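For the sequence shown, UniProt numbering begins at 1 and goes up steadily by one.
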Amino acid sequence: MATAAIFSSMRRRRSPSVEAFLAPVDLSEVALVQTLVAISSELVSCFSDKVFFFQRRNSRCLIRKIEVLVVLLEYVKDSESGSMSKLPSTAILCFKELYLLLYRSKILLDYCAQSSKLWLLLQNPSISSHFHDLNQEISTLLDVFPLNDLELSDDVREQVELLQKQARNPKLYVDESDEGLRVKLFSFLDDFGNGRIPNHGDLRLFFVERLWIRDSISFRREIEFLEEQIVNHEGDIEPTACVLNGFVAIVRYCRFLLFGFEEDEVLFLSRGQKKPRKGLIAREIADTFLTVPKDFCCPISLELMRDPVIVSTGQTYDRSSITRWIEEGHCTCPKTGQMLDHTRLVPNRALRNLIVQWCTAHGVPYDPPETRDASAESFAAACPIKAAVEANRATATLLIKQLADGSQGAQTIASREIRLLTKTGKENRAFIAGAGAIPHLRKLLSSSSPIAQENSVTAMLNLSIHDKNKRLIIDEDGCLTSIVEVLKLGLTTEARENAAATLFSLSAVHDFKKRIADQEGAIEALAGLLRVGTSRGKKDAVMALFNLSTHTDNCARMIKARAVAELVGALQNEGVAEEAAGALALIVRQPIGAEAVGKEEMAVSRLITMMRCGTPRGKENAVAALLELCRSGGAAATERVLKTPALAGLLQTLLFTGTKRARRKAASLARVFHRCENTSLHPSGFRNGNSTTNISTFGGDVSVPMSLSVL
């Protein structure tokens with residue numbers, strides 16, 4: 001299993017062609033031998049002078065064997081006496097097997113030459129085992145090779161026979177010096193796990209003198225390689241992702257402890273060499289907003305659920321969100337509006353397992369809930385999570401000191417590292433904010449450096465994901481104003497979009513919604529981003545506007561800022577139409593909101609279009625918006641809605657095929673028709689063949705739930 005896992009990891013990294021794993025069934029004897037000569041010669045040429053930092057002896061041994069095979073293959077190819085037509089069938093079979101072995105050797109040697117030092121050190125026993133497997137297969141191949149059936153020169157025969165003898169009974173070789181380094185690396189993990197920070201001199205001796213990791217950029221590359229393994233982890237490779245996270249934290253700490261904040265790192269970043277991994281930094285934003293299945297998101301916070309629980313109505317929420325809802329004095333289900341029979345929360349383990357599987361499959365970090373059973377506690381005790389936490393704490397102390405007192409370049413690097421540290425883990429977010437990072441990040445929001453500004457606002461976004469940090473950010477003098485300024489005038493697109501995402505995160509707290517809306521230019525900037533932003537930026541903006549629209553005092557402000565017009569325009573954008581319709585459904589509950597929406601010429605027609613072509617949730621929000629428009633907009637708005645020619649048929653379709661909530665809204669809107677026209681929704685009626693639908697049959701399910709969310 002370990003060998004298969006190593007090769008699985010190699011295939012992911014190198015993506016070799018399929019020839020590496022399939023025998024050449026269509027090659028003639030001549031072409032087969034020529035191909036073998038080319039492959040083996042290339043291997044010798046590429047790796048004979050290569051200096052391998054680890055697996056030196058195993059690599060040299062394998063290359064020497066291939067060198068002898070090159071001699072044999074070239075002689076067979078060139079020898080006039082060894083005509084290809086006279087090659088015995090056993091030799092052909094051996095050459096086909098050799099084809100596979102040579103390609104596997106190339107993959108293994110490439111892997112040892114190009115992988116990071118720390119990764120090779122961690123994989124030392126497994127990789128040594130794989131070299132041993134290859135040696136055994138080469139030995140078996142040489143034993144069955146029909147050497148006596150080929151006409152070879154004495155020199156060639158002597159070399160091959162010597163190789164046969166040397167290759168018999170190969171022994172597993174694990175370099176003792178390399179293994180000692182691996183054990184030492186794990187001892188550092190134990191030290192941090194037990195709350196002891198290793199001696200500065202020991203760390204320098206190990207990383208700089210023994211591993212020759214001699215500058216800040218080399219350390220960063222080691223970190224990135226280990227992070228790549230975590231993202232690609234399949235669960236069958238040692239060490240586990242938990243252990244790898246611990247080593248990443250330790251290496252990051254050593255990087256800054258030993259080399260500080262070198263200015264050449266800023267130059268390296270400014271050249272754009274980090275661009276290929278840029279998506280990983282913001283993945284928690286983009287993936288959460290764009291690709292997380294809606295059933296995995298909490299209806300209250302709209303974020304990926306970490307601890308899904310079921311309330312008495314059968315609806316599922318994230319534990320932290322529904323607990324806060326109940327503690328605020330609510331006794332109804334936020335989604336259905338029904339009274340809660342009791343406040344007991346039942347864990348939805350089936351859904352949680354699905355969420356964990358999805359996160360694992362997509363490389364999305366998943367923070368486990370704080371409440372764990374005994375087996376989880378036992379696992380946590382055995383897992384070096386504490387080592388990662390302690391190493392990250394030590395690193396954060398160095399970073400925050402540089403944010404406070406360092407040069408502009410050091411501050412840029414420190415903000416980037418805090419951005420990465422706060423990407424995952426509530427522990428990281430909690431202690432970094434608690435250690436005083438927020439005031440220093442707030443100052444960098446006004447930096448003239450695009451890199452510093454982008455990193456600081458993204459770090460602020462990541463910190464805001466932790467609920468307790470939201471209050472710290474809002475209460476920090478000038479912080480909210482600075483975030484809005486980045487939203488309006490940010491130096492990069494990502495900085496502006498992440499500022500919008502930060503406002504969305506902060507607006508999850510009801511008390512903060514009005515403070516955000518009252519910031520000069522905040523709603524105007526969100527509306528502008530909704531109009532001209534990237535797909536992700538538009539999503540950030542519409543979600544922030546949706547949250548702000550749940551506060552009744554913000555309605556007039558949103559109308560003045562022309563957010564209503566932009567939300568109506570967004571109904572045509574498939575990526576944000578659901579949320580735009582949901583926000584409009586909240587805004588039109590107030591008369592001034594209904595009046596503003598009614599003045600938008602295309603509002604009704606676009607909501608009708610969404611009822612026809614939208615997603616199930618989009619149809620819910622569209623019919624809800626039209627219903628609220630009729631209720632709050634007066635006779636003129638009602639008449640405008642009721643005169644829409646296609647509405648009758650769409651309502652009839654929703655009454656039979658829509659979701660439960662869509663059917664309730666459609667039935668309520670149908671009763672509005674019934675009251676206005678006294679007998680039917682339309683002169684033609686709700687008809688299906690020769691029968692007319694009795695709208696009153698839906699009377700038992702027409703209540704409109706009053707909650708913070710219309711999704």
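Cβ atoms here follow ideal geometry from the backbone N, Cα and C, with glycine treated the same way.
Fair warning: this is a prediction, and the values are worked out from it, not measured in the lab.
Compare the Cα-Cα distances from residue i to each of the options and report the closest residue.
| i | options | result |
| --- | --- | --- |
| Phe656 | Ser177, Ala670, Cys359 | Ala670 |
| Asn554 | Gly569, Ala581, Glu524 | Glu524 |
| Ala635 | Gly598, Leu506, Ser45 | Gly598 |
| Leu43 | Ser79, Leu87, Glu97, Arg104 | Arg104 |
| Val311 | Asp341, Asn498, Val30 | Asp341 |
| Glu485 | Asp475, Asp477, Arg496 | Arg496 |
| Phe673 | Thr659, Gly658, Ala637, Lys660 | Ala637 |
| Leu122 | Met611, Asp178, Gln166 | Asp178 |
| His132 | Ser115, Asn169, Lys514 | Asn169 |
| Glu595 | Leu27, Leu626, Thr313 | Leu626 |
| Gly649 | Gly633, Arg661, Val623 | Val623 |
| Val160 | Leu73, Lys423, Ala38, Cys630 | Leu73 |
| Leu480 | Val576, Leu445, Lys96 | Leu445 |
| Ala38 | Ser79, Lys106, Ser89 | Lys106 |
I believe residue i touches residue j by the beta-carbon criterion, under 8 Å. Please report the beta-carbon distance rounded to the nearest angstrom.
| i | j | result |
| --- | --- | --- |
| Leu487 | Ala500 | 6 Å |
| Gln315 | Lys335 | 5 Å |
| Phe296 | Ile230 | Rounded, the Cβ-Cβ distance is 21 Å, inconsistent with contact. |
| Phe206 | Lys184 | 6 Å |
| Val248 | Glu228 | Contact flag wrong, Cβ pair sits at about 11 Å. |
| Asn573 | Lys619 | About 16 Å; that fails the 8 Å criterion. |
| Thr397 | Met460 | With 8 Å as the limit, Thr397 and Met460 do not qualify as a contact, their Cβ atoms being about 19 Å apart. |
| Leu172 | Ser139 | Actually they do not touch by this definition, with Cβ atoms about 13 Å apart. |
Taking the alpha-carbon positions, what's the residue i to residue j distance?
| i | j | result |
| --- | --- | --- |
| Lys443 | Lys470 | 17 Å |
| Glu494 | Arg531 | 16 Å |
| Arg57 | Leu257 | 33 Å |
| Lys117 | Lys77 | 39 Å |
| Leu304 | Gln164 | 60 Å |
| Ile127 | Gly614 | 53 Å |
| Glu327 | Ser301 | 15 Å |
| Asp215 | His200 | 16 Å |
| Gly180 | Arg352 | 41 Å |
| Cys298 | Leu32 | 60 Å |
| Val604 | Asn498 | 32 Å |
| Ala404 | Asn135 | 57 Å |
| Glu600 | Ile516 | 25 Å |
| Cys254 | Cys242 | 19 Å |
| Gln408 | Ala666 | 59 Å |
| Ser449 | Glu520 | 24 Å |
| Val144 | Cys94 | 8 Å |
| Ile197 | Leu211 | 20 Å |
| Asp154 | Leu36 | 22 Å |
| Thr550 | Leu586 | 6 Å |
| Thr644 | Ile608 | 8 Å |
| Ala433 | Val309 | 28 Å |
| Ala91 | Arg252 | 53 Å |
| Leu654 | Gln411 | 56 Å |
| Ala581 | Met558 | 15 Å |
| Leu651 | Gly593 | 24 Å |
| Trp119 | Glu390 | 22 Å |
| Val542 | Leu629 | 20 Å |
| Lys513 | Gly193 | 41 Å |
| residue 716 | Glu566 | Nothing can be reported for residue 716, as the shown portion of the chain is limited to 1 through 711. |
| Glu67 | Leu162 | 13 Å |
| residue 752 | Val30 | Nothing can be reported for residue 752: it is not among the residues displayed for the chain, which extend from 1 to 711. |
| Glu238 | His510 | 45 Å |
| Asp190 | Gly575 | 47 Å |
| Cys676 | Leu642 | 9 Å |
Give me whichever residues DSSP pairs with residue i in a beta bridge.
| i | result |
| --- | --- |
| Pro347 | Val309 |
| Leu304 | Cys297 |
| Asp318 | Pro308 |
| residue 713 | What the structure shows of the chain is the stretch from 1 to 711, and residue 713 is not part of that stretch, so it cannot be assessed. |
| Thr332 | Met339 |
Residue ranges of each beta strand (DSSP E) within the segment 586-664, 3 or longer: none
Ranges of the alpha helix (DSSP H) found wholly within the segment 512-552, counting only runs of at least 4: 522-532, 535-549
Length at least 3, wholly inside the segment 456-493: the beta strand (DSSP E) runs in chain order: Here no run is fully enclosed.
Segments of 3+ residues assigned as beta strand (DSSP E) that fall wholly inside the segment 120-196: none
Alpha helix (DSSP H) segments (min. 4 residues) lying fully within the segment 417-447: 426-434, 437-444
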